[in-house]
Amino acid sequence: MAQSETEIDSTSFYKKQRDSILANQYDISDLIGRIIHPKRKKERSSKRSPITLMPNIAYNPTIGGQIGIKAVAGKVLGDPKTTTMSIAATSASITTKNIMVFYISHNVFTPNNKLNFQGAFALVKMVALDAGLGMTPQGKWTNEAEEILANPEHKKYGAKYNAFTFNEKVYKKVADGLFLGAGLAFDLRRKITSSGPNGDITPNTIYTEKHGFAPDSYNSNGLLLNMQYTTRDNPNRPYKGIYSDIGLRWNTTLLGSSKSAVQLTTDFRKYFSLSQSDPAHVLAFWYWGSYKLGGVLPYFDLPGTGRDAAVRTGRGYTVGYFKGLSFAYAETEYRFPILKNRFLSGAAFFNLQSASDELGTKLFERWQPGGGCRITCPI
């Protein structure tokens, strides 16, 4: 269906406003450049963003305090009018909880966005808290093992493992904004240990023994099929439009997976700019879900809090606080600039998450709310 003249004018207006804001935005690379070369004039390129090397400092309840180094680079591989900027990033870090992470990720667009390559490689030494499976209400279990697995009091169990992750997807543009993709995913966990208060048996041990996984290592390797549709005005800092991705993952023993499993994933985001004069005021909606269609997943590969690719679902809770056979997450966020040069921006968010279990609790039957605020600065 053809766009109306009003829609075209509106889209053009927002694009010009966004491009003007981004062209004059002060970011981390500007700050570092100002410190190293205080007299050098600032220059911008629509074809390339500079390679930025920076300290990677963070804190959250899952990892504790983090220190490391991060590098990010971007380049447009075609006509900037029809080609999205390609981004690559790498980081190495260590935390006060003895978590160590090294990763490389990329999101590459060929000229005119005909192909899109998305992938990541990560090595992780993980130390985590575990709070059981699902959102089981009191009284649904029939024995002690089921009660430990449900963990209604949310006792904190400890877990450690080494993880190796590699995934790569290739999307092909088949229509304006519509992409079809396929790929491979390999998730390997080694040296898995779990511990409970006073040496108690853990939910991980009960689930792992019940489903016949090796206690100290397993693989989740599979094939990926995806369909993606997007109308976002910018993939990294959108002001308006939608993003949606539907994916099917088939873990198969043919690729070395410990057991077979089939999952359906959905990712939908909608952005509204609230001001024509300053479109950086944005209301964003996000829904992410992972649904079990068949088979069985290892315990620490079950979908849950922070198990999306960006580790963002369930903000306000530690990673893995809620997990289930299937999992759903919904979030609303208001984003706004704090400083005129956009070096600091803020956001306030509210979210809900739901998880199913093996004791009859269905997905969407029970919800857990969360919320908070954050301050960000652009790379």
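Residues in the sequence shown are numbered from 42 upward in steps of one, following this note's numbering.
Glycine is no exception: its CB is placed at the ideal position from the N, C-alpha and C atoms.
Here the structure is a predicted model, which means the values were calculated and not measured.
Item: Nearest by alpha-carbon distance to Pro-193: which of Tyr-212, Lys-213, Lys-214, Asp-171 is it?; Value: Asp-171
Item: Apart from the five residues just before and just after Thr-131, which ones in its own chain have a Cβ nearer than 6 angstroms to its Cβ?; Value: Ala-112, Ile-145
Item: Could you name the residues that DSSP lists as bridge partners for Gly-106?; Value: Tyr-100
Item: Excluding five sequence neighbours on each side, which residues of the same chain lie with their C-beta closer than 7 angstroms to the C-beta of Gly-413?; Value: Arg-356, Gly-357, Phe-390
Item: Need the endpoints of the alpha helix (DSSP H) that Glu-187 sits in, please.; Value: 185-191
Item: Among Leu-156, Ser-367, Arg-376, which residue has its Cα nearest to the Cα of Asp-319?; Value: Arg-376
Item: From the DSSP output, read off the bridge partner residues of Met-141.; Value: Ile-135, Lys-166
Item: Among residues of its own chain, excluding the 5 on either side of Ser-331, which ones have a beta-carbon nearer than 7 angstroms to its beta-carbon?; Value: Gln-304, Thr-306, Pro-344, Ser-367, Phe-368
Item: Does DSSP classify Glu-209 as helix, strand or coil?; Value: strand
Item: Beta-carbon separation of Thr-206 and Ala-169 under 8 angstroms?; Value: no
Item: What do you reckon, are the CB atoms on Val-211 and Phe-158 nearer than 8 angstroms?; Value: yes
Item: Compare the Cα-Cα distances from Leu-393 to each of Leu-229, Trp-291, Glu-406, Phe-384 and report the closest residue.; Value: Glu-406
Item: Relative to the C-alpha of Thr-234, which candidate in Lys-403, Leu-264, Ala-200, Phe-341 has its C-alpha closest?; Value: Ala-200
Item: Please give me, in chain order, every unbroken run of the beta strand (DSSP E) with length at least 3 that falls completely inside the region 269-338.; Value: 282-292, 302-314, 323-336
Item: Could you give the DSSP three-state label for Lys-111: helix, strand or coil?; Value: strand
Item: State the DSSP-derived secondary structure class of Asp-228, mapped to helix, strand or coil.; Value: strand
Item: Quick one: what does DSSP say Lys-201 is sitting in, helix, strand or coil?; Value: strand
Item: Do Pro-279 and Tyr-312 count as a contact pair if the criterion is CB distance below 8 angstroms?; Value: yes
Item: Quick one, which of Ile-110, Ser-386, Pro-410 has its alpha-carbon nearest Glu-372's?; Value: Pro-410
Item: Can you tell me whether Asn-184 is buried or exposed? The criterion is at least 16 other CB atoms within 10 Å of its CB, across all chains shown.; Value: exposed
Item: Can you tell which of Ser-236, Ala-226, Glu-250 has the C-alpha that lies nearest to the C-alpha of Ser-261?; Value: Ala-226
Item: In this structure, how does DSSP classify Ile-379 when only helix, strand and coil are distinguished?; Value: coil
Item: In whole angstroms, what separates the C-alpha of Asn-256 from that of Phe-341?; Value: Note on identity: in this sequence residue 256 is Pro, with Asn being the wrong assignment. Approximately 12 angstroms, taken between the alpha carbons.
Item: Short of 7 angstroms in beta carbon distance, which residues of its chain neighbour Thr-249, apart from the five on each side in sequence? Order them along the chain.; Value: Pro-256, Tyr-340
Item: Assuming contact is defined by CB atoms lying nearer than 8 angstroms, are Met-176 and Phe-363 in contact in what I supplied?; Value: yes
Item: Starting from Asn-245, follow the alpha helix (DSSP H) in both directions and report where the run begins and ends.; Value: 244-251
Item: Is DSSP giving Gly-361 helix, strand or coil here?; Value: coil
Item: For Glu-374, which beta-bridge partners are listed by DSSP?; Value: Ala-325, Phe-390
Item: So, helix, strand or coil for Pro-238, using DSSP?; Value: helix
Item: Among the residues of its own chain, which have a CB less than 6 angstroms from the CB of Tyr-370, if the five just before and after it don't count?; Value: Trp-329, Thr-354, Gln-394
Item: Quick check: what's the CA-CA separation for Gly-336 versus His-252?; Value: 10 angstroms
Item: How many whole angstroms separate the CB atoms of Leu-174 and Ala-186, which I take to be in contact at a CB cut-off of 8 angstroms?; Value: Contact doesn't hold; Cβ gap of about 12 angstroms is too wide.
Item: Between the Cα of Leu-264 and those of Trp-291, Ala-129, Pro-378, spot the shortest distance and give me the residue it belongs to.; Value: Trp-291
Item: Does Tyr-100 pass the burial test, meaning 16 or more other C-beta atoms within 10 Å, or should it be called exposed?; Value: exposed
Item: Quick check: the Cα distance between Thr-52 and Asn-275, rounded to an integer number of angstroms?; Value: Low local confidence applies: a pLDDT of 48 at Thr-52 is under 50, so the model's placement there is unreliable, with the coordinate-based value given in what follows. Going by the C-alpha atoms only, they are around 12 angstroms apart.
Item: Who are the near neighbours of Thr-123 in its chain, counting only those whose CB is closer than 6 angstroms to its CB and skipping five residues on each side?; Value: Asn-153
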